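The structure appears right after this line, and notes come after that.
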Amino acid sequence: MALALGADRSLAAPFTAKDLNTLARVSDPQVSPNGRHVAYTLRETDLDANRGRTDVWLAELSGTALAQTRRLTQHSASDSSPRWAPDGSGLFFLSSRSGSSQVWHISLAGGEAQQVTTLPLDVGSFEVSPKGDRLAVSMEVYPDCADLKCTTDRQAAQSKKKASARIYDQLFVRHWDTWKDGTRSTLFTLTLGPDLKASAPINVSGKVPGDVPSKPFGGDEDYAFSPDGSRIVFSARLADRTESWSTNFDLYDVPADGSAEPRNLTADNPAWDAHPVFLANGDLAWLAMARPGFEADRFVVKLRSAEDGRVRALTQDWDRSVGTLIANHDRTTLLAVADNIGQAALFEVNPTNGRRTALVDKGQVQDVSAGPKGPIVAWAALDSPPDLHWVRQRGTLQRVTAVNATALADKEFAAFEQFSFAGANDQNVYGYVMKPQGWQPGQKYPIAFIVHGGPQVSFANQWSWRWNAQVYAGAGYGVVFIDFHGSPGYGQAFTDSISQDWGGKPLVDLQKGLDAALARYDWLDGSRACSLGASYGGFMQNWIAGNWSGRFKCIVNHAGIFDQRTMYYTTEELWFTEWENGGPYYVTPKIHEKFNPADYVTKWKTPMLVTHGALDYRVPYSQGLATFTALQRQGIESRLVFFPDENHWILKPANNIQWHDEVLGWLDRHLKK
């Protein structure tokens, strides 16, 4: 997206962190059964209240121009997760307007929303059965409780205790940003009467001791109704003493009425099985990894025959890892999203032979919903915030919404370009460069060199609500970022190559990538550059400080690893650090120490801004404090920005704006003197 047609470019305003935090955010498109409408959620931010509110909207799919849209729900409480009734007469959705998160229903014919569930616990996610006669819902319950009252009574008793100790006998003790409280996310079913009132819930996953959906980010993609609604398949990992170092999620099949115990369908695979999807004939598709303990292994689409139970790997010959999998509208083919050479692309997969057809090959497909006349996607790019688009014939995109047209009317997004170069081992590596807003030929511009986290993620042609290159371009910086060895979308061997080599090939790629950008784009000023990154990217800032010292005028390190030894013993998802370092620290200490930034602090000299959140249990904030201590004790210019109410990500609007102010102020101080 650029300036509105006919706008005066001389009046273009730079894109800022405040703009980033106040743009409307569209997500979760759901096409109606007849294909005439798409429901979606729209988050709007209230800076004064320092929060976002989500409502359900409806767009009419005319096929000729921007859709006519209208707000279906409007309440001070957020409404989310719209799901169509099978007959298309209305939508179910989640809302906390009654004081807790419950399932509601609204008719397209008009009238007020009707509360469907009145459960004593919050509903975390839900799905509607194909016939519309049953709901599957997830709630947090104590696993030894026979009913919901047992859980609510125990929670009430806990709240009255004067002692505050948390007591554990096994890991996890905390996960992402939350201390474990003994409850598990559990799947229930409820039948719906003609009046849409729900029956008492039936626990269908409780016999499997694990979270359904998975924590911390799982949702309704973790379970699916069979075509006739009689069964549910869900994904779960056993919450035993090995949970914190296991990626062994399995698929379980259970009657929707809870009349039998769940049956493990993937017991023969000790790695990750996820995202169950049924086809119309009852065949079950899902995503499967092959290597236990490796969260960035390739997700292959598998298919289990409803007739004889035979399992086939549909995409074994495709060197891409699928991230999203759904059935097409008639449930005869599959739709898959996968990283592909710096894009998050959409493919159709033939379940007979596994053949792929690219439907969207540029930009970022964030969400997808199947429709009878083509999928609807939430599509974004480096210069385009997410909007709904209709995937038409030959993969062309037709815009459905323009949710930020007014907010962006006077903005000009910076131009960008993908480039490639010979990186580590002379392998082809890709990166992006973005011009500063207001770029003029013949001028030189300082550089924001951004290193992505993960590390097995791609910093590609995508829109990010946290690390957004347009914010830095809007502040007058040329932006360079590299998809170094370890990034997905370039073949699994490329992704694998970072493991046990965190400071090796990736650093070479960054060095060669910056040199390649400077050689190709003469408007970049290599003498004025700062390096920035978060998580693994923050680790790399510490590694750069000791192993590429003197190259940058300043460094910005968010949530970066300082010491590999203490990181291993204090992080929560042990499988990650164990795979990346060949085992537990006490088994493979030499590998952990090979790329340990703490061992190189005497070589540090570059001014560094350190930022961290207190609720970050992935990279605990002690890593940031240790980094700041090493800098301060050696007299190196440094600054610590600490957020007591944020996790691994800085999400609250006011905090995110302040974080950007600090970061851009640090860059300005060292690059614009």
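Count along the sequence shown from 1, then add 761; that gives the number in the numbering used here. Just so it is clear, CB atoms sit at the ideal spot from N, CA and C, and this is done for glycine as well. In this text the structure is predicted, and so the values were computed from the model without any measurement.
When DSSP reads this structure, glutamate 1178 sits in a beta bridge with Val1194. Distances from the CA of alanine 820 to each of Thr1327, Ser788 and Tyr984 were compared; the closest alpha carbon is that of Ser788. DSSP places methionine 1328 within a helical segment (H, G or I) once states are collapsed to three.
Counting every other CB atom within 10 Å of its CB across the protein chains shown gives alanine 907 a total below 16, marking it as exposed.
For lysine 1364, the three-state secondary structure derived from DSSP is helix. DSSP places arginine 1281 inside the alpha helix (DSSP H), whose first and last residues are 1266-1281. Closest by C-alpha distance to valine 1212, out of Arg831, Pro843, Gly1274 and Gly1070, is Gly1274.
By the Cβ-count criterion, tryptophan 940 is exposed, with fewer than 16 other Cβ atoms from all chains shown falling within 10 Å of its own Cβ. If you draw a straight line from the Cα of serine 966 to the Cα of phenylalanine 1182, it is about 50 Å long. Alanine 1295: member of the beta strand (DSSP E) spanning 1285-1295, first to last residue.
Where arginine 812 is concerned, there is no enclosing alpha helix (DSSP H), although the beta strand (DSSP E) around it starts and stops at 812-821. Residue burial annotation: glutamine 1198 is buried, with at least 16 other C-beta atoms found within 10 angstroms of its C-beta. Counting the other Cβ atoms within 10 Å of the Cβ of phenylalanine 854 gives 16 or more, which makes it buried.
In the DSSP secondary-structure assignment, isoleucine 1102 is not bridged to any residue.
Measuring C-alpha to C-alpha distances from serine 861 to each of Gly1019, Gln875, Pro881 and Glu873 identifies Pro881 as the nearest. Residue Ala1097 holds the alpha-carbon nearest to the alpha-carbon of aspartate 1128 among Val1218, Ala1097, Pro1112 and Lys779. A distance below 8 Å separates the beta carbons of tryptophan 1284 and glycine 1239. With fewer than 16 other Cβ atoms from the protein chains shown falling within 10 Å of its own Cβ, glycine 824 counts as exposed. For phenylalanine 1389, the enclosing alpha helix (DSSP H) has its first and last residue at 1383-1394. For asparagine 1308, the secondary structure class from DSSP, reduced to helix, strand or coil, is helix.
Residue nearest to serine 1310 within the set Ala1028, Ser1292 and Arg1081 is Ser1292 (criterion: CA-CA distance). Each of Arg1153, Leu1149 and Gln1159 was checked against the Cα of asparagine 1165, and the nearest Cα belongs to Leu1149.
Inter-segment contact for the stretch 958-972 and the stretch 1015-1034 is present: three or more beta-carbon pairs are separated by less than 8 Å. A distance below 7 Å between beta-carbons, with the five flanking residues on each side excluded, links glutamate 805 to the following residues of its chain, in chain order: Ala785, Gly813 and Arg814. One alpha carbon belongs to histidine 836, the other to asparagine 1303, and they sit about 46 Å apart.
Inter-residue distance for threonine 1363 and glycine 1307 is about 8 Å (C-alpha atoms, whole angstroms). For the options Trp1410, Leu1120, Leu896 and Ala1105, the alpha carbon positioned closest to that of leucine 951 is the one of Leu896.
The straight-line gap separating the alpha-carbon atoms of leucine 852 and aspartate 840 is approximately 12 Å. With contacts defined as CB atoms closer than 8 Å, glycine 1084 and phenylalanine 1060 qualify as a contacting pair.
Going by DSSP, tryptophan 1427 is part of the alpha helix (DSSP H) stretching over 1414-1432.
Beta-bridge partners of glycine 1070 (DSSP): none assigned. Per DSSP, reduced to three states, the secondary structure at leucine 1040 is coil, with no helix or strand assignment. The shortest CA-to-CA distance from glutamine 1188 to any of Phe1245, Gly1250 and Pro1133 is the one to Phe1245. Within the stretch 1130-1185, the complete beta strand (DSSP E) segments at least 3 residues long are 1137-1142, 1145-1152, 1158-1160 and 1177-1183, listed from N- to C-terminus. Excluding its 5 nearest sequence neighbours in each direction, alanine 778 has C-beta neighbours in its own chain below 6 Å: Val1232, Ile1418 and His1421, listed in chain order. Residue state for asparagine 782 is assigned as helix, using DSSP reduced to three classes.
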